[in-house]
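First up is the structure itself, then whatever we jot down about it.
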Amino acid sequence: MGMRAKVTTLLIIVVAAAAVVALLVLRAATDEVKGKDKNEKICNAGWECSGSKYCCNQTVSKLFQVYQFEELFKKRNAPIAHAVGFWDYHSFIIAASVFEPLGFGTTGGKLMQMKEIAAFLGHVGAKTNCGDMVVDGGPWAWGLCYNHEMSPKQDYCAKDEKYPCVDGAEYYGRGAIPVYWNYNYGRIGDGLKVDLLHHPEYLEQNATLAFMAAMWQWMTPVKEKQPSAHDAFVGNWKPTKNDTLEHRLPGFGATMNILYGDIVCGNGYIDAMNNIISYYQNYLDEMGVGREHSGNNVDCAEQKPFNPSAPSTTPSSSS
Numbered sequence: 192m193g194m195r196a197k198v199t200t201l202l203i204i205v206v207a208a209a210a211v212v213a214l215l216v217l218r219a220a221t222d223e224v225k226g227k228d229k230n231e232k233i234c235n236a237g238w239e240c241s242g243s244k245y246c247c248n249q250t251v252s253k254l255f256q257v258y259q260f261e262e263l264f265k266k267r268n269a270p271i272a273h274a275v276g277f278w279d280y281h282s283f284i285i286a287a288s289v290f291e292p293l294g295f296g297t298t299g300g301k302l303m304q305m306k307e308i309a310a311f312l313g314h315v316g317a318k319t320n321c322g323d324m325v326v327d328g329g330p331w332a333w334g335l336c337y338n339h340e341m342s343p344k345q346d347y348c349a350k351d352e353k354y355p356c357v358d359g360a361e362y363y364g365r366g367a368i369p370v371y372w373n374y375n376y377g378r379i380g381d382g383l384k385v386d387l388l389h390h391p392e393y394l395e396q397n398a399t400l401a402f403m404a405a406m407w408q409w410m411t412p413v414k415e416k417q418p419s420a421h422d423a424f425v426g427n428w429k430p431t432k433n434d435t436l437e438h439r440l441p442g443f444g445a446t447m448n449i450l451y452g453d454i455v456c457g458n459g460y461i462d463a464m465n466n467i468i469s470y471y472q473n474y475l476d477e478m479g480v481g482r483e484h485s486g487n488n489v490d491c492a493e494q495k496p497f498n499p500s501a502p503s504t505t506p507s508s509s510s
């Protein structure tokens with residue numbers, strides 16, 4: 192590795208580390224205030240989870256260990272994979288530590304915690320798989336095969352006053368739940384305190400940051416007065432009458448609606464939807480939970496999208 196490459200790699204690591212530290216400080220301060228206001232019990236579970244009521248539950252690393260990560264993503268470092276050596280368990284746990292005090296993988300009892308980990312990783316596996324790799328372990332063994340879109344069919348640059356496209360930056364899909372478009376890189380970068388608008392390439396250069404971007408999407412509503420995927424899955428979200436009339440109900444199906452809208456949902460039982468469900472349910476099986484605990488409202492076949500997409504802002508692929 193040349194000197195320039197080493198410096199670039201070091202800068203990326205420093206940026207990611209700074210982002211983690213900033214988020215940990217902000218998170219701890221926010222949770223401390225919330226805890227005092229509500230007189231909630233506040234727990235500390237070491238570096239992974241502290242300063243939050245959610246830390247009173249088991250941490251993600253206690254429930255989901257390295258051997259399970261390796262089993263779920265057993266082909267990610269196969270010679271024909273496209274992100275060999277990139278994704279690892281340690282990066283996942285470091286990223287999770289930022290969001291565990293907010294409830295990621297720490298909401299409810301052990302069953303719900305395991306289900307949320309499987310649900311999140313189900314999205315990750317489905318969106319980073321090698322497509323038609325049906326031999327040697329089946330398609331579910333090939334999650335985390337990619338860390339970026341290989342052949343972008345458009346430039347994903349849209350007019351946006353807050354997050355205008357930066358000359359030289361490319362906004363194709365990157366990450367564990369791929370990020371597309373300049374405005375999405377902008378808002379996720381703001382949330383993570385990392386300048387992804389100018390440096391979208393960070394998401395294919397640092398696995399911890401890539402997992403953090405995916406978890407931020409999971410934990411954050413697209414718009415105000417809408418649920419996050421996390422809240423829709425764990426049952427924090429209470430649908431309005433209008434939501435019920437439009438078949439939007441808590442469960443795994445709503446997470447697809449929130450993350451992908453009409454690309455996946457409201458189109459009947461299409462392959463794009465069924466594929467994501469299959470990853471979730473297979474991961475439940477492999478994690479020892481069992482697909483019989485998938486929960487209610489697993490699909491979104493009849494759900495009206497929360498945020499219908501414009502034709503010009505639809506991702507061309509997921510990898």
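Read in order, the letters of the sequence shown are residues 192 to 510 in the numbering used here. The beta carbon of each residue, even a glycine, is placed where N, CA and C say it ideally should be. Everything numeric in this text was worked out from a predicted model, so none of it was measured.
C-beta contact flag for residue i and residue j at 9 Å
{"i": "T298", "j": "C246", "result": "no"}
{"i": "L263", "j": "W331", "result": "yes"}
{"i": "C336", "j": "A272", "result": "yes"}
{"i": "G329", "j": "I467", "result": "no"}
{"i": "A405", "j": "I461", "result": "no"}
{"i": "N488", "j": "A445", "result": "yes"}
{"i": "H421", "j": "G294", "result": "yes"}
{"i": "F260", "j": "Y280", "result": "yes"}
{"i": "W333", "j": "C321", "result": "yes"}
{"i": "G452", "j": "P391", "result": "no"}
{"i": "V257", "j": "N268", "result": "no"}
Chain-order list of residues whose beta-carbon lies under 7 Å from that of residue i (same chain, five-residue window excluded)
{"i": "P412", "result": "P418, S419"}
{"i": "M305", "result": "L254, M478, V480"}
{"i": "A236", "result": "C246, T250"}
{"i": "W428", "result": "P418, D422, P441"}
Distance cut-off 8 Å: residue i Cβ against heavy atoms of the ligand FMN
{"i": "W331", "result": "Among the components of this structure there are no ligands whatsoever, and the ligand FMN is therefore not found."}
Per-residue burial, residue i [other beta carbons within 10 Å of its own, 16 or more giving buried]
{"i": "T435", "result": "exposed"}
{"i": "M341", "result": "exposed"}
{"i": "S500", "result": "exposed"}
{"i": "Q472", "result": "buried"}
{"i": "E395", "result": "buried"}
{"i": "K266", "result": "buried"}
{"i": "P270", "result": "exposed"}
{"i": "G459", "result": "exposed"}
{"i": "G364", "result": "buried"}
{"i": "V385", "result": "buried"}
{"i": "N373", "result": "buried"}
{"i": "N248", "result": "buried"}
{"i": "Y470", "result": "buried"}
{"i": "G300", "result": "exposed"}
Same chain only: Cβ atoms within 8 Å of residue i, ignoring 5 sequence neighbours per side
{"i": "G377", "result": "D351, K353, Y354, L387, L388"}
{"i": "H484", "result": "L302, K306, L475"}
{"i": "E239", "result": "T250, V251, S252, I284, A287, S288, E291"}
{"i": "I308", "result": "V251, L254, F255, G296, M478"}
{"i": "I379", "result": "V370, L387, A404, W407, Q408"}
{"i": "I449", "result": "P412, V413, Q417, P418, S419, A420, A423, F497"}
Reference residue i; option with closest CA among the options
{"i": "G366", "options": "Y474, R482, D453, T319", "result": "T319"}
{"i": "L440", "options": "F424, D453, Y451", "result": "F424"}
{"i": "Q345", "options": "G300, Y371, N268, A401", "result": "Y371"}
{"i": "N230", "options": "K244, G237, A236", "result": "K244"}
{"i": "E493", "options": "L450, Y470, R482, H438", "result": "H438"}
{"i": "E361", "options": "G334, V385, Y393", "result": "Y393"}
{"i": "C491", "options": "F443, N498, S469", "result": "F443"}
{"i": "K416", "options": "A401, W333, G300, N498", "result": "N498"}
{"i": "S282", "options": "F402, G359, L383, I233", "result": "F402"}
{"i": "G426", "options": "G486, N433, G382, K432", "result": "G486"}
{"i": "L383", "options": "D358, G359, M410", "result": "M410"}
Residues near residue i by beta carbon distance below 6 Å, same chain, minus five either side
{"i": "V455", "result": "M447, A463, M464"}
{"i": "A219", "result": "Unreliable placement is indicated for A219, whose pLDDT of 42 sits below 50; the coordinate value is still reported in the next sentence. Taken in chain order, the residues that qualify are G242."}
{"i": "F277", "result": "N338, A398"}
Bridge partner(s) assigned by DSSP for residue i
{"i": "P236", "result": "A small correction: the amino acid at residue 236 is Ala; Pro does not occupy that position in the sequence shown. The partner list for A236 (beta bridge, DSSP) reads W238."}
{"i": "S243", "result": "C234"}
{"i": "H339", "result": "R365"}
{"i": "V370", "result": "R365"}
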